[in-house]
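Residue numbers (the numbering used here): 48 to 1021.
Beta carbons are placed, not taken as given, at the ideal position from N, Cα and C, and that holds for glycine.
What follows is a set of notes on a single structure, which appears directly below.
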């Protein structure tokens, strides 16, 4: 039975994560302090609520931390719904999604949804709340006990057992079934206090107290979390007690530790070990595998509180002066080698990579030469790390810049010689000999180096293919001579596209015995038959209508699919029945950066793409991707062309960048399997922050946002404190959006001008490239104000009908009255003088013809209607005379008539055409300006809407029989 209990306890201690012994050192400390927005570096209490959010109590308010942002709540003594004090001694779970926050002599009930204090309880003396996940709460004082009654919403004092109370902080706790376990001072007994209910009227609440013998010696210190009780008795023996299994295990005597490090703040199991937090002497680890021998974790922390996250196994420390500290497993996918850690003078980016059979790593740089790190996976020995140039070698520790840059773009291990090939920039081809450990220049028979070599393919023991970004493809024949080979013959190949030669070729892919693929910069892909030398230029741009002909990297996967990394995304080509089936993935498909410098494949079939902003894990099965940019141990942010390589001995994936390199295991570790729920954190309406709880419907699920059109922002978070930086979100508003947004680290959903109606916002997240997502669904109702509701519109309609009916009635009465007056006028008055009307029409006709500059006999206006028509025409011409497009169509449009209708009405009253009338008006206006202003003739021409000077002079002379200049000189002084 004892052995069975031991196994159960060890399983509980080990339940959070199973770690191999070799991984034990992959733990580290991380601070949450003012840099993240913590209100004070003195952290007195730490607690995790039921949603996973961390609450950090300090000497200056309480901080809510979701793994991404911190929100601080302080006392505002002018408001009733804030904390009673800023010194936060304890935080515990309460019922109804609330927290208990202990501030000196006050206990604040804090509502998490409304972010407000909803009740405050003041007691004489010092009290500490103890509760479980359900919020069953007991309040322990130095000489009294209370429980929180959810029916009365108050703390009810009970009759305390006749015992001497110990420290309220560390002599009591509440189990998951709501029992209060109380250990009296200087006693071996355990008191269990329980209630039949925390939510009944006090008359119906029954208290039960059960006393039992717990231990042979009185307990001095207890520490309880997550079902495990650690205690130290008066003999300084440390035990672990499993509440559920009721098993007790002795670990060791810690008298020497207490003597050495002082009083204990807390004791918590950490996987299968134990961590003891000492108030003034930091953290000590007792290793189970070493019979609980002490091991120092960190002696430089003064500790106020400790807490273990039950979900991710994180050990939280509330410190005096260093903020909140996390002790947790490192989550790193990569091992980094930064060049400046080897030498401050190594400043050029890594451009090529290779490993040798002895475990050495070779790195070609863009200017600093060839770097050699022996046995790099076992750690870097600076004394053995060297930097090579064609003429010398230096130890990296004392490295100083070469007199001339030595650029290396490619390294290729020889399958036939004892060394490797080196493709450089301006200095051409080199060979490194393992025999003499030197670089040897390899020149063609012409003596001119083949420059800017980016890829080398060793076809056999006497043939090399070289791709150059300046001179294209070269095939060379070589033979071994002494310590280095020599080139006997060289041939350059010529490729053309639309009569232009393609010379910038950086990568090549051999396929079988006869095919070579060449990747170009800006001209796509070339497929060549080595035997016949026939070739085909394949434009990727023509396939996708995207700028993907600029190829930076190539890769052929295990199934023969060709991948091309371009400056604008990833292209894959599958050969089916002699034809190429293309596929494209870019920014629109979810890549956070589409400049692909390198492509490699891991053992799981995932591709790893090095880019301008981090490294991307890509799943070819579903096109999903995940970016690591200064996260999960990736410390290289910007990667380089040509610098991607898979070690043939260990299968590690190696990528080079601007300031170093990193390597991944062939079976790259996947993120933590912990996937917490998404939590809504903030709401903004019209860019103003709103209290989220105020906008929930009575069902507590639907968000109701007012407005006929609403603009809002919802902020959300996932409380993951280990791999939170890897989380990428996507969302969709059903009822508006047709597709999900691309996954990104952005944790805000922003919408503008959403019309009233019912919608559903769906938010999902991922930490990897699988199809499995965790999703949050939020019904959203955009509610129009009452005056824009359907009943309101019905009322408006009825009112309009009533007003319309009234107006119609009044108009009909008016019409009847008008007809009666008219009839009386006809019967009793003399006719209106016809002569008077004719005189009026004559005056108007003369005025109009004068304005238009035409004889009055050319205008036949005999009715008032005709006079009104020509008056409007005259007004339009006068107002728009300076416009070149003034025409019959323009005037007709201004008068809301068709050109044909306008022309017919105009001909009824005028003997000249509308166009002649406009021309006449322009000339008359110009004549007037010549006489009344000093404006130049060219400006006058423009003012009357004529663009041609010759046309103006011709028409002006025809009308006035003299030029404009003569007209001005002749008539101005009259």
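* **Short Cβ contact (9 Å threshold) for residue 565 with residue 520** => Residue numbering aside, residue 565 sits at position 518 when the chain shown is read from its first letter. Residue numbering aside, residue 520 sits at position 473 when the chain shown is read from its first letter. Cβ atoms of residue 565 and residue 520: closer than 9 Å.
* Is residue 46 helix, strand or coil by DSSP? -> Because the chain in this structure spans residues 48 to 1021, residue 46 falls outside the shown range and cannot be described.
* Asked: What is the residue span of the alpha helix (DSSP H) that residue 306 lies within?
  -> The count along the chain shown starts at 1 and reaches residue 306 at position 259. First-last of the alpha helix (DSSP H) with residue 306: 302-308.
* Asked: Span of the alpha helix (DSSP H) holding residue 928?
  -> Along the chain shown, read from residue 1 onward, the residue named residue 928 stands at position 881. That residue, residue 928, is in no alpha helix (DSSP H); it is neither H nor E in DSSP.
* To do: Please list, in chain order, all residues of the same chain as residue 742 whose beta carbon is under 7 Å from its beta carbon, the five residues on each side excluded.
  => Stepping through the chain shown from its first residue, residue 742 is reached at position 695. The residues are 730, 750, 751 and 752.
* To do: Would you kindly check if the distance between the Cβ of residue 79 and the Cβ of residue 354 is under 9 Å?
  => Mapped onto the chain shown, residue 354 falls at position 307. Mapped onto the chain shown, residue 79 falls at position 32. No, the pair does not count as a contact, with Cβ atoms beyond the cut-off.
* Asked: The beta strand (DSSP E) with residue 1006 in it runs from where to where?
  -> Here residue 1006 corresponds to residue number 959 of the chain shown, with the count starting at 1. Looking at the DSSP string, residue 1006 is not in any beta strand (DSSP E); the run it does join, the alpha helix (DSSP H), is 996-1007.
* If we call anything under 9 Å between Cβ atoms a contact, is residue 768 one with residue 791? -> One-based indexing of the chain shown puts residue 768 at position 721. One-based indexing of the chain shown puts residue 791 at position 744. Going by C-beta atoms, residue 768 is not nearer than 9 Å to residue 791.
* Asked: Using DSSP with H/G/I as helix, E/B as strand and the rest coil, what is residue 77?
  -> Residue 77 sits at position 30 when you count from the first residue of the chain shown. Of the three classes helix, strand and coil, the one that applies to residue 77 here is strand, per DSSP.
* Asked: Hey, residue 700 and residue 712: beta-carbon distance below 9 Å or not?
  -> One-based indexing of the chain shown puts residue 700 at position 653. One-based indexing of the chain shown puts residue 712 at position 665. Against a cut-off of 9 Å, the Cβ pair of residue 712 and residue 700 comes out as a contact.
* Determine the direct distance from the alpha carbon of residue 221 to that of residue 245, and round the result to whole angstroms. => Here residue 245 refers to the residue found at position 198 when the chain shown is read from its first residue. Here residue 221 refers to the residue found at position 174 when the chain shown is read from its first residue. Cα-Cα distance, rounded: 13 Å.
* Residue ranges of each beta strand (DSSP E) run of no fewer than 3 residues wholly in the stretch 465-535, ordered along the chain? -> 466-471, 476-480, 485-489, 500-507, 510-515 and 519-528
* Asked: At a cut of 8 Å, does the stretch 591-608 reach the stretch 671-685 through at least three beta carbon pairs?
  -> no
* **Residue range of the alpha helix (DSSP H) that includes residue 267** => For this step, residue 267 is matched to residue 220 along the chain shown. Where residue 267 is concerned, there is no enclosing alpha helix (DSSP H), although the beta strand (DSSP E) it sits in stretches over 266-272.
* Same chain, Cβ closer than 7 Å to residue 39, neighbours up to 5 away in sequence not counted -> Summary: the structure shown does not reach residue 39, with the chain confined to residues 48 through 1021, and so no result is reported for it.
* Proximal residues to residue 1022 (C-beta, below 8 Å), its chain only, five neighbours per side dropped -> In the structure as shown, the chain starts at 48 and stops at 1021, and residue 1022 therefore has no counterpart that could be examined.
* DSSP state of residue 575 mapped onto helix, strand, coil -> As a position in the chain shown, residue 575 is number 528, starting the count at 1. Reduced to three states, the DSSP call for residue 575 is strand.
* To do: Please report how far the alpha carbon of residue 462 lies from the alpha carbon of residue 580, in whole angstroms.
  => Residue numbering aside, residue 462 sits at position 415 when the chain shown is read from its first letter. Residue numbering aside, residue 580 sits at position 533 when the chain shown is read from its first letter. About 25 Å.
* Asked: Short check: CB of residue 279 to CB of residue 266, under 9 Å?
  -> The residue labelled residue 279 in the question sits at position 232 within the chain shown. The residue labelled residue 266 in the question sits at position 219 within the chain shown. Yes, the pair counts as a contact, with Cβ atoms nearer than the cut-off.
* To do: Use the C-beta contact count for residue 802: other C-beta atoms within 10 angstroms, 16 or more gives buried, fewer gives exposed.
  => Your numbering for residue 802 matches position 755 in the chain shown. Under this definition residue 802 is an exposed residue.
* Asked: Less than 9 Å separating the beta-carbons of residue 85 and residue 103?
  -> As a first step, residue 85 is located in the chain shown; it is residue number 38 there, counting from the start. As a first step, residue 103 is located in the chain shown; it is residue number 56 there, counting from the start. Yes, these two residues count as a Cβ contact at 9 Å.
* Return yes when the Cβ of residue 586 is within less than 9 Å of the Cβ of residue 632, no when it is not. => Translated into positions along the chain shown, residue 632 becomes position 585. Translated into positions along the chain shown, residue 586 becomes position 539. No. Outside cutoff.
* Asked: From residue 283 to residue 314, what does the alpha carbon distance come to, in whole angstroms?
  -> Taking the chain shown and counting its residues from 1, one reaches residue 283 at position 236. Taking the chain shown and counting its residues from 1, one reaches residue 314 at position 267. Rounded to the nearest angstrom, the two C-alpha atoms are 13 Å apart.
* Classification of residue 995 by the beta-carbon crowding that lies within 10 angstroms, buried from 16 upward -> Indexing the chain shown from 1 puts residue 995 at position 948. Exposed: under 16 other Cβ atoms inside 10 Å.
* Return the Cβ separation of residue 187 and residue 194 in integer angstroms, given the expectation that the two are a contact with Cβ distance under 8 Å. => Translated into the one-based positions of the chain shown, residue 187 becomes position 140. Translated into the one-based positions of the chain shown, residue 194 becomes position 147. Contact doesn't hold; Cβ gap of about 10 Å is too wide.
* Asked: Does the pairing of the stretch 427-445 with the stretch 365-382 give three or more beta-carbon distances under 8 Å?
  -> no
* Does the count of Cβ pairs from the stretch 469-479 and the stretch 439-454 closer than 8 Å reach three? -> yes
* To do: Answer with buried or exposed for residue 321, where buried requires no fewer than 16 other C-beta atoms within 10 angstroms of its C-beta.
  => As a working mapping, residue 321 is identified with position 274 in the chain shown. Residue 321 should be labelled buried.
* Asked: Counting Cβ pairs closer than 8 Å, one from the stretch 232-242 and one from the stretch 207-215, do we hit at least three?
  -> yes
* Could you give the DSSP three-state label for residue 745: helix, strand or coil? => Locating residue 745 in the chain shown gives position 698, where the first residue counts as 1. Residue 745 falls in the coil class under three-state DSSP.
* Asked: What is the residue span of the beta strand (DSSP E) that residue 658 lies within?
  -> Looking up residue 658 in the chain shown gives position 611. Note, residue 658: beta strand (DSSP E), 654-658.
* Compare the Cα-Cα distances from residue 416 to each of 404, 434, 405 and 406 and report the closest residue. => The residue labelled residue 416 in the question sits at position 369 within the chain shown. If we check each option's Cα against that of residue 416, 434 comes out closest.
* **Distance between residue 318 and residue 335 (C-alpha atoms, nearest Å)** => Residue numbering aside, residue 335 sits at position 288 when the chain shown is read from its first letter. Residue numbering aside, residue 318 sits at position 271 when the chain shown is read from its first letter. Residue 335 and residue 318: Cα-Cα distance of roughly 10 Å.
* To do: Take residue 574 and list the residues in its own chain whose beta-carbon comes closer than 6 Å to its own, dropping the five residues that flank it on each side.
  => Working through the chain shown from its first residue, we reach residue 574 at position 527. Once the five neighbours on either side are set aside, the close Cβ partners of residue 574 are 564 and 583.
* What's the gap between the Cα of residue 676 and the Cα of residue 349? -> Taking the first residue of the chain shown as position 1, residue 676 is located at position 629. Taking the first residue of the chain shown as position 1, residue 349 is located at position 302. Rounded to whole angstroms, residue 676 to residue 349 spans 34 Å at the Cα level.
* **Length at least 3, wholly inside the stretch 592-646: the beta strand (DSSP E) runs in chain order** => 598-603, 609-613, 616-623 and 626-632
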